[in-house]
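First residue of the sequence shown: 100, per my numbering; consecutive thereafter. Just so it is clear, CB atoms sit at the ideal spot from N, CA and C, and this is done for glycine as well. Predicted model only: the values in this text are computed from it and were never measured.
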Amino acid sequence: MILANATIYTADPARPFAAAMAVRAGRVLRVGTYDSLKEFKGRHTYELNLSGNVVLPGFIDSHVHLIDGGLQLARVPLRGVRSKDEFISRVQGAVRDKHPGGWVRGGGWNNDFWGGEFPTAAWLDDISPDNPVWLSRMDGHMGLANSLAMKIAGIDKNTNDPVGGTIVRTTEREPTGLLVDAAMKLVFDVVREDSVNERREALLRASRHALMRGVTTVVDVGSYFPGTSEEQTWQDFSGILCHFCLDASIVDVFFF
100 MILANATIYT ADPARPFAAA MAVRAGRVLR VGTYDSLKEF KGRHTYELNL SGNVVLPGFI
160 DSHVHLIDGG LQLARVPLRG VRSKDEFISR VQGAVRDKHP GGWVRGGGWN NDFWGGEFPT
220 AAWLDDISPD NPVWLSRMDG HMGLANSLAM KIAGIDKNTN DPVGGTIVRT TEREPTGLLV
280 DAAMKLVFDV VREDSVNERR EALLRASRHA LMRGVTTVVD VGSYFPGTSE EQTWQDFSGI
340 LCHFCLDASI VDVFFF
């Protein structure tokens, strides 16, 4: 394939931009002028006129939780929500699609977008009386549970904070629904575990999502929440790496 009439960033200070590029089987053969690529042009060469658009090298993200991100893409999307009303409305829509008793899961919310006020279980209880809800914050270090989810998890005013985690409470010690770091595992332990196939589908989904945004290589740090074993992490990746072609290259990092 030849990319022509482009603005290609080369990262070479001596020649930062070029107009054309030849690619074969995923490898760049040459970057330069259109005339300099003639030797690579054959009868079956596909040529793409980019009309001056910019071409950049693929981005590398050095710290991701790829499978967790892929799972979130299939759940209640709260990234970019900018008000309490919008937050509640999105969750309410997801609850309508669930049978009573089914878990409603989602995430990506950022309370800084609506003035800093943290959400509480009270935001959710009226719209989800029969469905447990778990919604993780965008940074992965905090999540919100409704009252039914906390009841299932056995969280009440007498529950001690786990080591490395915090159950956020009112002045009367009642849990607000916010769980921080290791305290999130209290809910994770009672949520139906995602199957290996679901996690592998999430890996493919996240890989394609990354590629659409120009991210061609990621470093996955492996453990998605406290308690995830290295064995499970490898199980997630092994079938995909052996049997599928991922859209983005993945470097997996295990912490011991």
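Residues that DSSP places opposite residue i in a beta bridge
i, result
"M120", "L102 and V130"
"N148", "A103"
"L277", "L243"
"R268", "P274"
"D160", "V317"
"G206", "P176 and S235"
"V154", "I107"
Residue environment, residue i, which counts as buried when at least 16 other CB atoms sit within 10 Å
i, result
"L155", "exposed"
"L147", "exposed"
"R298", "buried"
"N152", "exposed"
"K116", "What sits at residue 116 in the sequence shown is Phe, not Lys. Under this definition F116 is an exposed residue."
"R236", "buried"
"V295", "exposed"
"V286", "buried"
"N257", "exposed"
"S246", "buried"
"A110", "exposed"
"P231", "buried"
"S227", "buried"
Between the CA atoms of residue j and residue i - distance to the nearest angstrom
i, j, result
"R62", "S161", "Since the first residue shown for the chain is 100 and the last is 355, residue 62 is missing from the structure and cannot be characterised."
"G125", "M311", "16 Å"
"F217", "R195", "24 Å"
"F158", "A105", "19 Å"
"V175", "P112", "45 Å"
"W233", "K140", "55 Å"
"A252", "V289", "6 Å"
"V180", "S188", "10 Å"
"N259", "V267", "11 Å"
"P261", "L170", "26 Å"
"E292", "W202", "11 Å"
"I254", "A221", "15 Å"
"A103", "H308", "26 Å"
"N210", "G242", "12 Å"
"R142", "S135", "17 Å"
"A281", "G313", "33 Å"
"A119", "D238", "40 Å"
"L172", "R272", "34 Å"
"G214", "L303", "35 Å"
"E138", "V127", "14 Å"
"R114", "Y133", "15 Å"
"T265", "F186", "23 Å"
"D225", "T219", "12 Å"
"L149", "G131", "15 Å"
Presumed contact (8 Å Cβ cut-off) between residue i and residue j, rounded CB distance
i, j, result
"L177", "G200", "Actually they are not in contact, since the Cβ atoms of L177 and G200 sit about 22 Å apart, beyond 8 Å."
"V190", "V318", "Not a contact, Cβ separation roughly 32 Å."
"A121", "I107", "At roughly 11 Å, the Cβ-Cβ gap does not stay under 8 Å, so A121 and I107 are not in contact."
"A244", "L278", "6 Å"
"G276", "M249", "7 Å"
Range covered by the alpha helix (DSSP H) that runs through residue i
i, result
"L302", "V295 to M311"
"L165", "L165 to Q171"
"D238", "That residue, D238, is in no alpha helix (DSSP H); it is neither H nor E in DSSP."
"W222", "A221 to D224"
Limits of the beta strand (DSSP E) - the one that residue i falls within
i, result
"S188", "Here S188 belongs to no beta strand (DSSP E); instead the alpha helix (DSSP H) covers K183 to R195."
"V286", "No beta strand (DSSP E) contains V286, which is instead part of the alpha helix (DSSP H) from K284 to F287."
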